[in-house]
Amino acid sequence: MAKERFDHIAIEKSAQEKWEALDIYATDLTDSEKESYYLLFEFPYPSGDLHIGHWFAFALTDIFARFKRMQGKNIFFPMGFDSFGLPAENAAIKNGADPAVWTEANMERMRAQVRTMGTSVDWSKEVVTSSPEYYKWTQWLFSKLYDHGLTYRKEAAVKWCPKDQTVLANEQVIDGRCERCDSEVEEKFLTQWFMGITKYAERLLTDLDPLPWREEIKDAQRAWIGKSEGAKLSFRVLFADDQKNEWRDEEGNPAQVAVFTTRPDTTFGATYVVLAPEHPWVAGALEHGTDVFSNEEEVRAYIQETSKKTERERLENKEKTGVKLEGVRAVNPATKEEIPVYIADYVLASYGTGAVMAVPAHDERDYAFAKRFNLPVTPVIDPVTGDEQEDPLHKGKIVAVVEHEGRVLSIHWKPELGGRLLVGGTVEEDEDPAVTAAREITEETGYTDLELVERAEEMVHHGYFAFSKNQATLAHTTLLHFRLNSDACDEQKLEDNEKGKFEVEWVTVEEAEREIHDDQHLYALARFMKPGAYVGDGLLRNSGQFDGRDNREAMSEIVDFVGGERVTNYRLRDWLVSRQRYWGCPIPVVYDPEGAVHLIPSEHLPWTLPTDVDFSPSAESPLATSKELKERVERIFGEGWTPEYDTLDTFVDSSWYFLRYLDANDENDFSDQSLLKKWLPVNRYSGGSEHTTMHLLYSRFFHKALYDLALVPTPEPFEERFNRGLILGTDGQKMSKRWGNIVNPDEMVQKFGSDAVRMYLAFIGPYNEPGSYPWKLDGAVAMRKFLDRVFQLSEKVADEAMTESERVSLAKAIKKITGDTERFKFNTAISGHMVLVRELENADVVSKEAYLALVSLMAPFAPHLAEHLWERMGGEGSVHTASWPEEIAVEEDTVVIGVQVNGKRRGEISLAKGASEEKAMEAAKADETIGRLLHEGVLDKVVYVPGRILNLVIT
RNA sequence: GCUGGAGUGGUGAAAUGGUAGACACGCUUGCCUUAGGAGCAGGUCCCUUCGGGGGUGGAGGUUCGAGUCCUCUCUCCAGCACCA
30 MAKERFDHIA
40 IEKSAQEKWE
50 ALDIYATDLT
60 DSEKESYYLL
70 FEFPYPSGDL
80 HIGHWFAFAL
90 TDIFARFKRM
100 QGKNIFFPMG
110 FDSFGLPAEN
120 AAIKNGADPA
130 VWTEANMERM
140 RAQVRTMGTS
150 VDWSKEVVTS
160 SPEYYKWTQW
170 LFSKLYDHGL
180 TYRKEAAVKW
190 CPKDQTVLAN
200 EQVIDGRCER
210 CDSEVEEKFL
220 TQWFMGITKY
230 AERLLTDLDP
240 LPWREEIKDA
250 QRAWIGKSEG
260 AKLSFRVLFA
270 DDQKNEWRDE
280 EGNPAQVAVF
290 TTRPDTTFGA
300 TYVVLAPEHP
310 WVAGALEHGT
320 DVFSNEEEVR
330 AYIQETSKKT
340 ERERLENKEK
350 TGVKLEGVRA
360 VNPATKEEIP
370 VYIADYVLAS
380 YGTGAVMAVP
390 AHDERDYAFA
400 KRFNLPVTPV
410 IDPVTGDEQE
420 DPLHKGKIVA
430 VVEHEGRVLS
440 IHWKPELGGR
450 LLVGGTVEED
460 EDPAVTAARE
470 ITEETGYTDL
480 ELVERAEEMV
490 HHGYFAFSKN
500 QATLAHTTLL
510 HFRLNSDACD
520 EQKLEDNEKG
530 KFEVEWVTVE
540 EAEREIHDDQ
550 HLYALARFMK
560 PGAYVGDGLL
570 RNSGQFDGRD
580 NREAMSEIVD
590 FVGGERVTNY
600 RLRDWLVSRQ
610 RYWGCPIPVV
620 YDPEGAVHLI
630 PSEHLPWTLP
640 TDVDFSPSAE
650 SPLATSKELK
660 ERVERIFGEG
670 WTPEYDTLDT
680 FVDSSWYFLR
690 YLDANDENDF
700 SDQSLLKKWL
710 PVNRYSGGSE
720 HTTMHLLYSR
730 FFHKALYDLA
740 LVPTPEPFEE
750 RFNRGLILGT
760 DGQKMSKRWG
770 NIVNPDEMVQ
780 KFGSDAVRMY
790 LAFIGPYNEP
800 GSYPWKLDGA
810 VAMRKFLDRV
820 FQLSEKVADE
830 AMTESERVSL
840 AKAIKKITGD
850 TERFKFNTAI
860 SGHMVLVREL
870 ENADVVSKEA
880 YLALVSLMAP
890 FAPHLAEHLW
900 ERMGGEGSVH
910 TASWPEEIAV
920 EEDTVVIGVQ
930 VNGKRRGEIS
940 LAKGASEEKA
950 MEAAKADETI
960 GRLLHEGVLD
970 KVVYVPGRIL
980 NLVIT
């Protein structure tokens, strides 16, 4: 017979009404009795419908909010809407909807849906970023940052769609293409607003270290900031014709270019200089007008060509391109040699100084360029392999690569002699290494028809311990490349004593790479068969007075020697916050008739969005079409004054919303200092991993800037950060309208109840780490069954004292559920509920005390059912303001521990708690299997960890 | 390529260095019958001569004891990537 199931619709309705009537979720932010706990989740964009992903974000964080509330914390759990953004504007373009009305309607629908979740959000502190009450303060904070030089204007590239004839926001560019029409995006130069995030790069980096965040989050931020330490060096520029040597830069200094390098130790190997095509020095020289470059036409053409290329095209074309600046030479500050100067688009204008010294021997990109343009490659670092040895004997050695018909010669030693190698040998005194090599090849293989192809200039220094001679050795190995022209073989020359010790084999380069494990031989193989740059460390050569020194150790001396300075560079660029869009926060500035920038005085804030605008795509922001805005500016500031037409990136709005929550309705300040002091930093912030480098970094920057202005009391906004996972469609694909696989939670909630849906989501996997989970209906069904069992259990409740076995079960459950919930491990917490329920089901009666404890433990996870059962059991008030069950200490009299023999589990024994080793041994001997094993061997050692394990070592 | 993270049943997963696979899904055997998205009892890592034996991507190592720590290696995921 079907058991009774609870009526989730009725239960949810009555619970939600009760909570509203009791108003239990409104937080008294000034409460000084209870400990404060600020729990934050990323507020949503009001796209319209709530999908299952929103449940995963809001309802699961709510579990934790309810848990903390029951633990007696003064929990602050607010919500709001990140309501500026493109979809509202697209709707306006598409069907003429007013973005404000469209957005408000969406928010209203979403608020209602969130209520069905039964979250304990404090709606009285709601924040809506598109409301003038909120953006007034976004504008005010912008002004503060402007006053302190943290926002500024400069010309910069924006993304431009040639088909739609409009500027695109970064978010609208997908893989270098326009989101709407799929055409390739071009760059356009416009004057833009920036925020000086790079000034905070170092602090954003170092303050990351102590944060208790997952390493992958911190590491993604570190990569985004991209710190690299190096040096800035100056290269003097000479002109072919002495008469033109008059040319000087803007400050009147002799012509020179600065380069940034992370490898100043390789300066002696710089054989040419490359400038970005956009480098100001090049533009300056072209403007100079006196034929600085004899191939000026070619230079201009190349610059033109690259400027037309999209970013995508520049990246796609892996083949290096560039043009030599004819008639110009640079002076290598280390060697004083004159070297050529190029422009090439593999050098980025926006990083470092926009110029590099090219060291083809030790940089892959420079190497590729040098090969293409036939430029000299000068190695300045000799690799060091093997182990460092004390007082080594120095020996001259050779390693030879012998090539024949696409294969290389390898000597396959017997494994005990070292495995596969190339040909190697020791140089006799005063012998030419090439002679040594030829001799060794012939002695070991008999081949005689050898031709020396190349002899590497560099050496490999290889440290090893020669066991045969009991001698520490440092070999200085010369690398040689031979070609075997015919397989003529002279067996006579084979050394007798080498016969049988090894096999001679011809192998492919790939096989050799795989099977040779000696670094020195591998280097030789790569050196000739796969030529490229050596980017590792070693000993300097071709480096004048620094020859023979360790490259790292000599680094700063070389910087001094060439008159450079140590500098640090960051990959992070300043934050471009201008958007040529309507539905965003207006930038609170105006321009006087001369075009100078003026902040809009705070009495005119909020500087509201005009409504008389044309949304159709154009080169400028829709704000430029507003008559009202123009008139407003002239009315307030005077004739000839003009408005700013751009709006702010929505990431600015979301960089401080958690400050506003604390004082959401304040008309006189952006927040409240005493509340900020009491509540910051946010204790726990949960969100999606897609925001790791954007929102999370921007808000950290914003917060630090406000901290420096004494507007917030902490240097970091968030104490803990958790990235949640992703709920996929039933097909395992990411949910999207495109795939038609969006799971509608409303339907599920109707069928199985809000509690079942939320618990299923909580059970799906660990919430404290990101993962992707396909939605499975079966899971929600199963969870509903479990909730029915909890409900049915109430029929067995009797007003009796708690039994000992109930106490034991409850003690275990409380400990597990409390610990797991604290760590966001809701999946294992729920397994704790399940075990407890099963144990209670096994008895004929359940004591009311135990059942109420179960209901309390369930309350954060199934808030509606728990409320209903609490009421039914006669609980006072709401279960959600009741206290979380305290841990119960139980004295278990017996424990079952495993018995291992030599580390393998061979049985288990039941012991009195805290039993002695003797008792444990007695019990172990009594066990049939263990007893037998004890008889078979001699007991060598006993490891006894009371309450855990007994391990017997038997020999 | 660089940097992180992770590899455990058919699936989601669980295990402060101490009995690997808890808790579920799915599958399966049997029972029950107001045929339901029902309930109950059992089985479900592999091998087995039913005594046991093996097993956490692979190979080594540390340890009385390793899924967990160390070295190498393979695979997958994520971030960054012409950043000098």
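Read left to right, the first sequence gives residues 30 to 984 (the numbering used here). Yeah, the Cβ is synthetic: ideal placement off N, Cα and C, and Gly gets one too. Given the structure is predicted, the values throughout are model-derived calculations rather than measurements.
Can you give me the C-alpha to C-alpha distance between residue i and residue j, rounded to a whole angstrom?
{"i": "Asp579", "j": "Leu568", "result": "5 Å"}
{"i": "Asp459", "j": "Glu472", "result": "20 Å"}
{"i": "His546", "j": "Arg449", "result": "8 Å"}
{"i": "Lys154", "j": "Val974", "result": "54 Å"}
{"i": "Glu798", "j": "Ser728", "result": "22 Å"}
{"i": "Met30", "j": "Asp849", "result": "For Met30, the predicted structure reports a pLDDT of 40, less than 50, and the residue's modelled location is therefore unreliable. The matter cannot be settled from this model."}
{"i": "Val711", "j": "Lys47", "result": "29 Å"}
{"i": "Lys854", "j": "Pro795", "result": "5 Å"}
{"i": "Tyr66", "j": "Thr56", "result": "11 Å"}
What are the start and end residues of the alpha helix (DSSP H) that includes residue i?
{"i": "Asn773", "result": "Here Asn773 belongs to no alpha helix (DSSP H), and DSSP marks it neither H nor E."}
{"i": "Ala992", "result": "The chain is shown from 30 up to 984; residue 992 falls before or after that span and cannot be answered."}
{"i": "Glu473", "result": "462-474"}
{"i": "Glu542", "result": "538-544"}
{"i": "Ala134", "result": "128-146"}
For residue i, which of the options has the nearest alpha-carbon?
{"i": "Lys349", "options": "His308, Tyr371, Ile629", "result": "Tyr371"}
{"i": "Leu404", "options": "Lys656, Arg394, Val413", "result": "Arg394"}
{"i": "Asp588", "options": "Phe322, Thr291, Gly848, Glu49", "result": "Contrary to the premise, residue 588 reads as Val rather than Asp in this sequence. Cα-wise, what sits closest to Val588 is Thr291."}
{"i": "Leu738", "options": "Thr56, Ala287, Phe106, Lys173", "result": "Lys173"}
{"i": "Trp719", "options": "His177, Glu245, Leu237, Thr671", "result": "Sequence check: residue 719 is Glu here, not Trp. Minimum Cα distance to Glu719 is reached at Glu245."}
{"i": "Leu790", "options": "Gln142, Glu534, His80", "result": "His80"}
{"i": "His550", "options": "Tyr686, Val413, Arg608", "result": "Val413"}
{"i": "Glu668", "options": "Val482, Glu660, Ser263", "result": "Glu660"}
{"i": "Val437", "options": "Cys190, Ser149, Ala555", "result": "Ala555"}
{"i": "Tyr714", "options": "Phe70, Lys63, Tyr54", "result": "Phe70"}
{"i": "Asn697", "options": "Gln100, Ala50, Tyr163, Glu118", "result": "Tyr163"}
{"i": "Trp670", "options": "Trp253, Val618, Glu632", "result": "Val618"}
{"i": "Lys97", "options": "Arg852, Ala50, Glu947, Ile771", "result": "Arg852"}
Which same chain residues end up closer than 6 Å to residue i when comparing Cβ atoms and leaving out the 5 residues on each side of it in sequence?
{"i": "Arg34", "result": "Asp817"}
{"i": "Leu755", "result": "Ser801"}
{"i": "Asp969", "result": "Val982, Thr984"}
{"i": "Leu267", "result": "Arg358"}
{"i": "Ala44", "result": "His893, Glu896"}
{"i": "Ala988", "result": "Absent from the model: residue 988. The displayed extent of the chain is 30 to 984, so no value can be given."}
{"i": "Leu688", "result": "Ser700"}
{"i": "Trp242", "result": "Arg750"}
Let's see if you can read the secondary structure: which residues bound the beta strand (DSSP E) around residue i?
{"i": "Thr335", "result": "Thr335 -> not in any beta strand (DSSP E); alpha helix (DSSP H) instead, spanning 325-337."}
{"i": "Gln285", "result": "285-290"}
{"i": "Asn103", "result": "103-105"}
{"i": "Thr910", "result": "Segment: none, Thr910 is in no beta strand (DSSP E) and carries neither H nor E."}
{"i": "Ala359", "result": "352-360"}
I'd like to know whether the C-beta atoms of residue i and residue j end up nearer to each other than 8 Å.
{"i": "Glu594", "j": "Ala260", "result": "yes"}
{"i": "Leu68", "j": "Ile92", "result": "no"}
{"i": "Phe113", "j": "Trp604", "result": "no"}
{"i": "Val826", "j": "Met723", "result": "no"}
{"i": "Asp294", "j": "Met584", "result": "yes"}
{"i": "Met777", "j": "Gly82", "result": "no"}
Skipping 5 residues on each side, what residues in its chain have a beta carbon closer than 8 Å to that of residue i?
{"i": "Met788", "result": "Met812, Phe815, Leu816, Ile859, Phe890, Ala891"}
{"i": "Glu469", "result": "Ile427, Ala429, Val452, Gly453, Gly454"}
{"i": "Leu704", "result": "Leu58, Thr59, Leu691, Asp692"}
{"i": "Glu64", "result": "Gly101, Lys102, Asn103"}
Ordered along the chain, which non-local residues of its own chain (more than five positions away) have a Cβ less than 7 Å from that of residue i?
{"i": "Asp922", "result": "Ala941, Lys942"}
{"i": "Asn931", "result": "Val982, Ile983"}
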